[in-house]
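J.: Protein chains in written order, with the numbering used here: chain A, 39 to 189; chain Z, 196 to 615; chain C, 217 to 933.
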Amino acid sequence: MLTLQVNGAAHQVDVPDDMPLLWVLRDVLGLPGTKFGCGIGECGACTVHVDGKAVRACSLPASLVGDRPVTTIEGLAEDEVATEVTKAWLDIDVVQCGYCQPGQIMAAIALLKSNLHPSDDEIDQAMSGNICRCGTYRRIRAAIRNVAGAV
Amino acid sequence: MSRPSIMRLGRRAAGMAVLAGMVLTCVAARAQDADLARRGAYLEQAADCEVCHTKPGGIPFAGGRAFDLPGIGTIYAPNITPDRETGIGRYTDAQFDAAVRRGVAPGWRHLYPVMPYASYARMTEGDVRAIRAYLMTLRPVHAPAPANQVRFPYNIRFAMIGWNLLYRPSGPLADDPGRSAAWNRGRYLVDAAGHCGECHSPRNMLQALSVTKSYAGAPIDGWLAYNISSDVDSGIGAWSDPQLAAYLSTGHADGRGTAVGPMAEVVSHSLRYLTPEDIAAMVTYLRSLPARRSEETVGVVSPETLAQAGPNHSNGGRLFAGACAGCHLTDGHGRQVDFAALWGARSLGEIDGRNLVRTMVEGVTLQSAHGAMIMPAFGPEYRNQDLADIANYAIGHFGNRVGHVTAEDVAAARAGVPPS
Amino acid sequence: MPVGTIAISRRRALLGAGGLLMAAMVPQGSLRATTRIVEDQTGPFAPNAFVRIAPDGSITLILPNVEMGQGIYTGEAMLIAEELDVGLDQIQIEAAPPDDAYITKALGTEATGGSTSTIATWTSLREAGAVARTLLVRAAANRWMVDPASCQTEAGMVRHGPTGRTLTYGELAVEAAALPVPTSPVALRDPSTFRLIGHAQHRLDGPAKVAGTATFGIDIRQPDMKFGTVAACPVMGGVLLHVDDSAARKIPGVREVLTIGNAVCVVGDHFWAARKGLEALEITWDEGVNSTVSTETVYRGLHEALQGPAIVAHTKGDAKGAIAGAATRVEAVYQQPLLAHAPMEPINCTVHVTAERCDIWVGTQVPMRARDAAAEVTGLPKDKVFLHNQYIGGGFGRRLEHEYVTQAVQFARQVAYPLKIVWSREEDLALDRYRPAYVDHLVGGLDAHGKLVGLSHRIVGPAVVARWAPEALLPNGVDDDLLAATVETPYAIPAMFLDYARREAPGVVTAWWRGVGGTRGVFVIESFIDELAASAKVDPVEFRRRMTGDHPRARAVLDLAAEKAEWGSKLPEGVGRGVALQYVFGSYLATVMEVELSQMGTVRVRRAVVAVDCGRVVNPDQVVSQIEGGLIFGLSAALFNEVTLEKGRVQEKNFNTYRVLRMNESPAIEVHLIDSTEDPGGIGETGTAAAAAAAANAMAAATGRRYRRLPLTGVQA
Ligand code: FES
Ligand code: FES
């Protein structure tokens, strides 16, 4: 039995030790906002925050999370940076199919929280691990810059 | 399909069979057998028979794994399941012991020292018997090993008699009364059962382990087994005890990177099952190994320094940002699991990037208590030059050295040819 | 899409203008896929299959095409809302269920693909809105007893001009529903008065997608649902001989191991259990005849067909004669690989089969086909199969196939609970249906002035249409799609001879892929035009310009792109600039790309400038967005991608071996739209079609050698 702190609430889950956090979130806790894209850490679709840092839930065994707080795309309501980021995303219509976007947004929020005015290089470092098959990269970069400009 | 997980299952099932045997029959002799087998299961893990006696993707212990010995030929590991025709089913204890500790299989077939019997010779007879007892509890698998392809003069098995006279120790290690029990246990695990020197000590011209450079590191199978002597610059002299223990028991230590390649296999199938006491004993013994200098030294660059490093617009830097930083982060701290933290890893301090390139080409699977930690391999859509660029970038960035990796090195690693 | 309880009094036929028959009748029950119908005489106003207005004022638009990123929900809603005169903030949108009313004529079934959506619905959806508005105005005029002509509409209300009285559409719904649908054409708005069309609108699906609340097929949850994942025979055509599931069944959380003819499904309490179970299976396949197929087999077959018989697909003038008499003869063979779709959302499908009905939750580009397949597998009548179409996390043509739905139903009918099947990424790549490999041979003749006098072209490759819509194969056996970009070009070509040698790829199923014939054709034609220009020693833009005689729209985009990209200006060492001009999907595009090559052979696309004339634009910013995304998608393939086969198995496993462009590898992209009043063209696939040719030409400019094989970073002949 594991206890996970997800989006501010404690959840008891009975799952195998090696079960990645991604599947606990999606299939056990019913939080489907975090997406499955590759399962091997290549695409970033599964990005969530653990202790404020962007991590890939598909490659993080739930048993290694411990009592560190987990935040998913569903748990951003009160968050100021997150509000700015979603606004910036909507402002310039970043999304296409939208499947990669929860991961992109979680990666962008983590970046902006640690560095409110990232350079293009820093954006690349933080975001290039997130694949978008629809090719929304230009707009993602622009949206991040807009957030930086707005605050 | 990940084999290791299946292997583990097989092993657990076998363990259960042992227990079941105990419950059903209360005959004392049977219980003793089961005890022996259970002890053997642990010793088998310590001696790591499974890795060599399982071909990639094959049934555990059924043999078939090929060993390419440069200049000598290809030797295949035999089946050591209890199959009576192709395995060890007909071996007596004495015959099994002769094979493991003296390198002589029934019918006076001399084994090649790729089977580390020169190390195993220093195990006790009782331990070897226990391993056999354990192996006999496995499901018999009919699997003849392919015929070895060995060049003259090595194909004359009797030649091994001379080799054995020269290099095979005559018997088990006697405890050194001047040393602690932990040290003696550690020596037994490192030198005998664990046969660490088989990879980590260089060999002489006749394929025997060098005594003068023991544990100073050696190339093996295209990988570099690192110097694990207590030299501060090129060995493990600068590692802390907790780092050493963590690396041995989990395959990762912060500031020292994560085991890859054959070492990942050793951790996955052997070391991680050892008790904390045994790991501590190994640490004690390793600490006492004489310092031997070798070429590869590692200057550890801290994540703090790495975080300050400016952006890199080289091809390697860009590819790293896209394909690597997602998990490893540019400061090497690792994003999701400790295993992804790679700062301080030796492979990043070695300018020829041998292990680094092999790792990129083959990927890593490291079994842990939390499941398999996996790094995917780079596929052919990354050109040889791309991987060389990534390697040189990483060596420069994390190792603070100038990498010398070329596209040819990558091509060779991809072809499975050990670099010359 | 929520299942709501609404009341529909009756459904009716609507004859639109211009002979367009819309929604002849929504058959009983079919709308139930998304709505439960309560027969009720005071129900909502639903004059056709696309508009529904309830007495409570809620306005629902039912959109015939599925949203997979292309922004079609927003575009189609704009078309209806423009004529219905409601704001986009006043409506709800719903995915159309499988139904004849939503058939895309160009595709012969209810389907989203081929960049046809806007072209197909440009008139019909506006008419649907206009008919509804006409009836609402009449209802209001009746109530007020005034002349309908004295009433106007605005933002979901009818207003009586002289008195200023207003009624909302909701208030009028019941009365409007009682009025007969007009049988003569209703007038459509003059484009100069458009409030929505042509003005950038935010995407309607944006907020949910940004909040992570948009439901994709993979996100479906049903009570008592279990999770399955699948291993199918890795060799096409192989069958299951035996599966030892004893180890799998011991894994905690594994519930069941199901089999069908060529696949095994492990069912568990969650995907992870299912996946671990799958790994623990020992499966024996009978791999069948394809187990020896390799990539070489595929290419050998194609290259062999460059000689020998072929079907003549198109002739104009005496091309062979012209070439024979030409001053210069230019010849080239191009090769393109098999490609996977690899959308971000792996294949998945959720199915619940009971004795009475079958429910399917899935993202599909072909809902009707998927429904029919399920009916066949279950033996249920079609109207007992309810398909709930979901957002698609990237289609790119993959979901024009429905074999994964068939498979899911075959498994799900063996169990009582709803079963969600999710393929791993590895399975998704191994069992994709691939964009075919092609080989093209072109010969051109230039006269003494460097003018193209004749072009002969042979295409070798599979006919995807022969499998996907056999009735659409041309009578002479030519796949029409292959002629895209090759017959209708932006150029005046005096003489042309085109023939086609059909060679089906062994060992794989081939399928549509973003850009379809246009993507393969533009690469070949535009590469060859560049080779001709080089041979004629004429600047590539100028060479094309001279050939665009009777295509002013083509010339306009070419000039615009060249100007914006500063064509002709000096570039640093190692950087080349290339151009591609195209007319596909009814739209004109000119693309100028800058590519940088390092000494080590590293390729990086620095910049892309695109000029577009796609006729009348519905949602301009989304046109830009589609070009940006289409280019990136096309560049991933052009630079890196090739599906390879060994022993009949696809070798690419995941994004580490099927590499896609990442943010820091993406070029700066500028898109310039030409104001146009022509009928709308398609846009979703045009950027993809442009990518390889522009990049190859830029690389050629940088290095002075031709790149005739894709991917561009692979081995060149
Ligand atoms: S699903 Fe986790 S990185 Fe792709
Ligand atoms: S928006 Fe579709 S994958 Fe990114």
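Virtual Cβ for every residue (Gly too), placed ideally from N, Cα, C.
Which of helix, strand or coil does DSSP assign to C/Gly334?
T.: One detail in the question is off: residue 334 of chain C reads as Thr in this sequence, not Gly. DSSP places C/Thr334 in helix when its eight states are reduced to three.
J.: So what's C/Ala721 in DSSP terms, helix, strand or just coil?
T.: Three-state result, C/Ala721: coil.
J.: Find out if the Cβ-Cβ distance for the pair C/Glu901, C/Gly846 is shorter than 8 Å.
T.: In contact: C/Glu901 and C/Gly846 (Cβ atoms closer than 8 Å).
J.: Bridge partners of C/Leu889, per DSSP?
T.: Looking at the DSSP assignment, C/Leu889 forms a beta bridge with C/Val828.
J.: Do C/His767 and C/Pro706 have their CB atoms nearer than 8 Å?
T.: Their beta carbons are under 8 Å apart, which means C/His767 touches C/Pro706 by this criterion.
J.: Tell me which residues share the same chain as C/Ala430 and place their Cβ nearer than 6 Å to its Cβ, disregarding the 5 neighbours each side in the sequence.
T.: Only Ala424, Tyr607 meet the Cβ criterion.
J.: Near ligand 2, which residues have their beta-carbon less than 6 Å from any of its heavy atoms, given in chain order?
T.: Checking every Cβ against the heavy atoms of ligand 2 under 6 Å gives A/Val133, A/Gln134, A/Cys135, A/Gly136, A/Tyr137, A/Cys138, A/Gln139, A/Cys170, A/Arg171, A/Cys172, A/Thr174, C/Gly285, C/Met560, C/Gly610.
J.: With distance defined between alpha-carbon atoms, name the residue in Z/Tyr312, Z/Ala229, Z/Ser314, Z/Thr287 nearest to Z/Pro301.
T.: The shortest C-alpha separation from Z/Pro301 is found at Z/Thr287.
J.: Taking 7 Å as the cut-off, is the CB of A/Glu80 close to at least one heavy atom of ligand 1?
T.: Because some heavy atom of ligand 1 lies under 7 Å away, the Cβ of A/Glu80 counts as near it: yes.
J.: Three Cβ pairs or more, each shorter than 8 Å: is that satisfied between the region 583-603 of chain C and the region 548-555 of chain C?
T.: These segments do not touch.
J.: Z/Tyr315 by DSSP, collapsed to three states: which one?
T.: In this structure, Z/Tyr315 counts as helix in the three-state DSSP scheme.
J.: For chain C, is any of its Cβ atoms less than 8 Å away from the one on Z/Gly574?
T.: For Z/Gly574, the answer is yes, since a Cβ of chain C falls inside 8 Å of its Cβ.
J.: Only counting the same chain, and skipping five residues up and downstream in sequence, which positions put a Cβ closer than 6 Å to that of C/Val876?
T.: Ser852.
J.: Taking the DSSP output, what are the residues bridged to Z/Asp243?
T.: BP columns for Z/Asp243 are empty, so no partner.
J.: State buried or exposed for C/Val694, treating a residue as buried only when at least 16 other CB atoms are found within 10 Å of its CB.
T.: Result: buried.
J.: Just reading off the alpha helix (DSSP H) that C/Ser852 is part of, what are its end residues?
T.: Element bounds for C/Ser852: 836-856.
J.: Decide if the region 76-84 of chain A is in contact with the region 503-514 of chain C; the criterion is three or more beta carbon pairs, one per stretch, under 8 Å apart.
T.: No: fewer than three Cβ pairs fall under 8 Å.
J.: Measure the Cβ-Cβ separation of C/Ala322 and C/Ile307 and say whether it is below 8 Å.
T.: Not closer than 8 Å, so no.
J.: Please state whether the Cβ-Cβ distance between Z/Val552 and Z/Leu514 is less than 8 Å.
T.: It is not a contact, given that the beta carbons lie outside the stated cut-off.
J.: Use the C-beta contact count for Z/Val461: other C-beta atoms within 10 angstroms, 16 or more gives buried, fewer gives exposed.
T.: So Z/Val461 ends up on the buried side.
J.: Which residue marks the beginning of the alpha helix (DSSP H) containing A/Ile182, and which one marks its end?
T.: Start and end: 175-188.
J.: Going by beta-carbon coordinates alone, are Z/Phe262 and Z/Ile270 separated by less than 8 Å?
T.: Yes.
J.: At a CB-CB cut-off below 8 Å, which residues of chain A make contact with Z/Ile585?
T.: By Cβ distance, chain A contributes nothing, its closest Cβ being about 13 Å from Z/Ile585, past 8 Å.
J.: Anything in the region 794-820 of chain C with a Cβ closer than 7 Å to a Cβ of chain Z? List those residues in chain order, please.
T.: Flagged, chain order: Ser814, Met816, Gly817, Thr818.
J.: Consider the Cβ of A/Gly57: report whether some Cβ of chain C lies at a distance smaller than 8 Å.
T.: In the sequence as displayed, the identity of residue 57 of chain A is Met instead of Gly. Yes, A/Met57 counts as interfacial toward chain C.
J.: Where does the unbroken alpha helix (DSSP H) through C/Trp639 begin, and where does it stop?
T.: No alpha helix (DSSP H) holds C/Trp639; DSSP gives it neither H nor E.
J.: Taking the alpha-carbon positions, what's the C/Leu341 to C/Val582 distance?
T.: Going from the Cα of C/Leu341 to the Cα of C/Val582 covers about 19 Å.
J.: Find the residues of chain C that neighbour Z/Gln580, judging by a C-beta separation of less than 8 Å, and give them in chain order.
T.: The answer, in chain order, is Met816, Gly817, Thr818.
J.: Looking at A/Gly75 and ligand 1, is the gap between the Cβ and the nearest heavy atom below 7 Å?
T.: Yes, the beta carbon of A/Gly75 sits closer than 7 Å to at least one heavy atom of ligand 1.
J.: When we look at the beta-carbon of C/Gln842 and count the other beta-carbons within 10 Å, is it buried (16 or more) or exposed?
T.: Looking at its Cβ environment, which holds 16 or more other Cβ atoms inside 10 Å, C/Gln842 is buried.
J.: Between C/Leu351 and C/Leu395, which are expected to be in contact by the criterion C-beta below 8 Å, what is the C-beta distance as a whole number of angstroms?
T.: Rounded, the Cβ-Cβ distance is 5 Å, consistent with contact.
J.: Does DSSP put C/Lys492 in a helix, in a strand, or in coil?
T.: In this structure, C/Lys492 counts as helix in the three-state DSSP scheme.
J.: Exposed or buried, which one is C/Gln257 when buried takes at least 16 other CB atoms within 10 Å?
T.: Because C/Gln257 carries a pLDDT of 43, less than 50, the predicted location of this residue cannot be relied on, and no value is offered for it.
J.: Classify A/Met144: buried if its beta carbon has 16 or more other beta carbons within 10 angstroms, exposed otherwise.
T.: A/Met144 comes out buried.
J.: With a cut-off of 8 Å on the beta carbons, I'd call Z/Arg327 and Z/Tyr312 a contact; round off their distance for me.
T.: That belief does not hold up - the Cβ atoms of Z/Arg327 and Z/Tyr312 are roughly 14 Å apart, past 8 Å.
J.: Do C/Arg761 and C/Arg771 have their beta-carbon atoms positioned less than 8 Å apart in this structure?
T.: Going by C-beta atoms, C/Arg771 is nearer than 8 Å to C/Arg761.
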